[in-house]
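A.B. asks: Its first residue numbered 1, the sequence shown is counted upward by one per residue in the UniProt record's numbering.
Ideal placement from N, C-alpha and C gives every residue a C-beta, glycine not left out.
I have a structure I would like to understand better, so I am pasting it below and will then ask my questions one at a time.
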Amino acid sequence: MQIRTLEIGVGLFLLAGLLALLLLALRVSGLSVGAGQDTYKLYANFDNIAGLTVRAKVTMAGVTIGKVTAIDLDRDSYTGRVTMELEKRVDNLPADSTASILTAGLLGEKYVGLSVGGDDAVLKDGGTIHDTQSSLVLEDLIGKFLINSVNKEAK
Numbered sequence: 001m002q003i004r005t006l007e008i009g010v011g012l013f014l015l016a017g018l019l020a021l022l023l024l025a026l027r028v029s030g031l032s033v034g035a036g037q038d039t040y041k042l043y044a045n046f047d048n049i050a051g052l053t054v055r056a057k058v059t060m061a062g063v064t065i066g067k068v069t070a071i072d073l074d075r076d077s078y079t080g081r082v083t084m085e086l087e088k089r090v091d092n093l094p095a096d097s098t099a100s101i102l103t104a105g106l107l108g109e110k111y112v113g114l115s116v117g118g119d120d121a122v123l124k125d126g127g128t129i130h131d132t133q134s135s136l137v138l139e140d141l142i143g144k145f146l147i148n149s150v151n152k153e154a155k
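Here is the structure:
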């Protein structure tokens, strides 16, 4: 009887460990188990969204306030259209706020960073952030540096 109790205890401990690993994996991947909080949608158009993915973080002052829910091509302006879901607690963003695609670290994941403007008008659900800064592509930056260095040597 005592061995059976020990086996049940070990089994429950193992099951709790597996559940903890599952919750950790869901948390790291950006997926959620339960229903989400109250959110609203904002849109932003970028010239280049290289590296940005769906479920990427949307941050303000380093605090995660939402996530990217869709990335599409705007057929009218031929730019990347990013759909973001932001938490209702930050529903007072000024209309002249800025959205930038940033990188965590040197070669880390891409995310959207919001900077607050000073306008009295507020972005509503379904509004668009017009002032955007596109993703910095490391290959383009290296290419420009190499071309500039070759041009200087040729002169």
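By how many angstroms is the C-alpha of Ala25 removed from the C-alpha of Ile129?
C.D. replies: One C-alpha to the other measures close to 32 Å.
A.B. asks: Going along the chain, which residues of its own chain have a beta-carbon closer than 8 Å to the beta-carbon of Glu87, five neighbours each way excluded?
C.D. replies: Excluding sequence neighbours, Glu87 sits near Gln37, Asp38, Thr39, Ile65, Gly66.
A.B. asks: In three-state DSSP terms, what is Gly143?
C.D. replies: Helix.
A.B. asks: Should Asn45 be labelled buried (16 or more other beta-carbon atoms within 10 Å of its own) or exposed?
C.D. replies: Burial call: buried.
A.B. asks: Just reading off the beta strand (DSSP E) that Thr59 is part of, what are its end residues?
C.D. replies: From DSSP, the beta strand (DSSP E) with Thr59 extends over 57-60.
A.B. asks: What is the rounded straight-line gap between the Cα of Val33 and the Cα of Met84?
C.D. replies: Only weak support exists for where Val33 lies, its pLDDT of 46 falling under 50; the value from the coordinates is given anyway. Straight-line Cα distance between these residues: approximately 20 Å.
A.B. asks: Between the beta-carbon of Ala50 and the beta-carbon of Val137, is there less than 7 Å?
C.D. replies: Against a cut-off of 7 Å, the Cβ pair of Val137 and Ala50 comes out as a contact.
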